[in-house]
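Encoded as structure tokens, the structure appears first; notes follow it.
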Amino acid sequence: MNTEISPTDGTGDAKRPAESKDWPEFEKKLAAILAVLQEDQFLILSVKRAYPFVQFAAQGAYGLRTEAISNHFLPRGHKLSNQQQQKLHNLGWSSPTGSPSESTPQRQPDGSPNFFRQFLPPIAYEEVAHFAVRTFVEVLRVYHPGTLEYQAFDANNQIILLPTLGLAVRPSLPHKDETPRDDPARVRQTVRTVIREATGNDNADFDKDGDIPIRFGSAVAYVRVIDAPLFVRIFSPVLVNVEEDDALLRRLNDINWA
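Residue numbering for the sequence shown follows this note's numbering, starting at -19 and increasing by one per position.
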């Protein structure tokens, strides 16, 4: 699926964009939100319709854990360049300590498959917010805070709304190791959720042909997720129960090539 912003531009090192005058105000809002996060509450800031994210985990007496996406979670064509990774180091991020299967809480409780940094109490939340904004602007090349969206939740996956942050809510709650948005299984799940919410039909689901039927009076439309290339197809039959013969196929070909 197309993304609005990619960490790389094909050459690996695009020029840094101009900074919006709205970043300082957003930085203040972010600092205020981080200051009231309670233990085992989480905040993820991510780029709309794209992969990059910076996330925060409140850990009570152990401080605040911050992470930024690494190449372990970025598909080909969206990888962080060597220069971008060096900039992360320069800002103060620690390198990933292994792959997602290696850097688990059980195997590496102090590590991460992402870039990470631990802020210990007493926490200067203004510093954390500035650190996150510098990451978005200088490394991930996000030109305006309005390009971001957020998710906030607790250890029980209960959603937390943060309207004072001034950002849109990302549609779906992520797992701890978020699957990229162009994963076909995730796209199908998102499509099913959207259709159920839009139609009010909690039983809407893919049939054996891989379609979700949606009825509009006497008409029916079908929604299908195509894997390669990944896109969503919506179609509706004009005629049904029509017998196929050579004359019909010739006429359809004439119409298609007209």
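Beta carbons: idealized from backbone N, C-alpha and C, even for Gly.
Please name the residue in N51, P32, N62, L128 whose C-alpha comes closest to that of D2.
-> L128
Mind checking E224: buried by the 16 CB within 10 Å criterion, or exposed?
-> Result: exposed.
Just checking, does the region 17 to 28 make contact with the region 118 to 132 on the three C-beta pairs under 8 Å criterion?
-> Note that the region 17 to 28 touches the region 118 to 132; at least 3 beta-carbon pairs, one per stretch, sit closer than 8 Å.
Rounded separation between L228 and Y202 - CA only | 23 Å
Ends of the alpha helix (DSSP H) at Q63?
-> 62 to 71
Can you find at least 3 beta carbon pairs, one from the region 49 to 62 and one from the region 100 to 110, that sit closer than 8 Å?
-> no
Where does the unbroken beta strand (DSSP E) through P243 begin, and where does it stop?
-> The structure shown has nothing for residue 243, since the chain only spans -19 to 238.
R45 and F96 look like a contact to me (Cβ under 8 Å); what is the Cβ gap, rounded to whole Å?
-> 7 Å
Check whether the Cβ atoms of F33 and I49 lie closer than 9 Å to each other.
-> yes
Helix, strand or coil for G40 per DSSP?
-> helix
Near N51, what residues of its chain come up, given a Cβ to Cβ distance below 7 Å and the 5 sequence neighbours on each side ignored?
-> K59, L60
Chain-order list of residues whose beta-carbon lies under 7 Å from that of T77 (same chain, five-residue window excluded) = S83, Q88, G91, S92
Enclosing alpha helix (DSSP H) for Y105 [first to last residue] | Start and end: 105 to 114.
Evaluate V218 with the Cβ neighbour count: other Cβ atoms within 10 Å of its Cβ, from every protein chain shown; 16 or more gives buried, anything less gives exposed.
-> exposed
Pairwise C-alpha distance: L120 and P85 | 26 Å
Ordered along the chain, which non-local residues of its own chain (more than five positions away) have a Cβ less than 7 Å from that of R176?
-> D182, A184
Let me know the secondary structure DSSP gives A201 once reduced to three states.
-> strand
Skipping 5 residues on each side, what residues in its chain have a beta carbon closer than 6 Å to that of P101?
-> G43
What are the partner residues of F215, as DSSP defines its beta bridges?
-> Beta-bridge pairing links F215 to Y202.
What's the C-alpha gap between R266 and P151?
-> There is no way to answer for residue 266, as the model of the chain reaches only from -19 to 238.
Buried or exposed: which applies to I235, given that a residue is buried once 16 or more other Cβ atoms fall within 10 Å of its Cβ?
-> exposed
Mind checking which residues open and close the beta strand (DSSP E) that includes A132?
-> Residues 128 to 134.
Could you tell me whether the Cβ atoms of Q18 and A38 are closer together than 9 Å?
-> yes
Cβ-Cβ distance between V212 and V171 below 9 Å | yes
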